[in-house]
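Just below is one structure, and these are the notes that go with it.
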Amino acid sequence: MSTLTKPNHIGRKISRIRELRNMKQEALAQALGTNQQAISILENSETIDEDKLIAIAKALGVTAEAIKNFSEEGVINYFNTFNEAVSDSSFGSIHNNKCTFNPLDKLVESFEENKKLYERLLQSEKDKIEYLEKLLKEK
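Counting in our numbering, the sequence shown runs from 372 upward without gaps.
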């Protein structure tokens with residue numbers, strides 16, 4: 372039987388939450404003080420003891436209850452509701468975009484800063500060369 376059809380497959384829920392949080396098995400393993408293979412075995416487990424579940428939940432930044440009650444449909448509904456709320460509010464409105472600076476001015480300013488930094492770096496290298504040449508002449 373596929374783990375996708377088992378509604379209470381805790382390991383699969385942990386795997387999905389980890390993936391949604393952009394966390395690799397190695398990172399979760401490190402947070403739990405174990406190795407990637409142990410996380411793989413854990414994610415294939417249908418049940419997990421409560422203490423371990425609490426530690427995993429803490430490492431994932433969620434509660435143990437959130438793992439137990441996790442569902443793909445709930446996540447989809449959450450994001451759909453969030454997107455609808457944003458598009459209905461002034462936050463998502465195109466007309467509410469008030470930029471307090473000119474982006475082109477910021478771009479030009481950053482180019483000028485880069486140019487100054489490059490010139491300072493170049494001068495520093497010239498000074499180094501001059502110093503090394505002086506040392507060579509003294510020998």
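Beta carbons: idealized from backbone N, C-alpha and C, even for Gly.
What you are looking at is a predicted structure, and each value in this text was computed from that prediction instead of being measured.
Taking a cut-off of 8 Å for Cβ pairs, the region 403-414 and the region 377-395 touch, as three or more such pairs fall below it. Note on residue 391: under 16 other CB atoms within 10 angstroms of its CB, so exposed under the neighbour-count rule. Going by beta carbons, residue 408 and residue 397 fall outside the 7 Å limit. Between the C-alpha atoms of residue 504 and residue 490 there is a straight-line separation of about 21 Å. For the pair residue 399 and residue 430, the CB atoms are nearer than the 7 Å cut-off.
Around the C-beta of residue 424, 16 or more other C-beta atoms lie within 10 Å, and the residue is accordingly described as buried. The shortest CA-to-CA distance from residue 444 to any of 482, 477, 476 and 387 is the one to 387.
Boundaries of the alpha helix (DSSP H) harbouring residue 485: 474-509, taken from the DSSP string.
Separation of residue 506 and residue 486 (C-alpha to C-alpha, rounded to the nearest whole angstrom) is 30 Å. Contact check for residue 428 against residue 438 passes: the beta carbons are separated by less than 7 Å.
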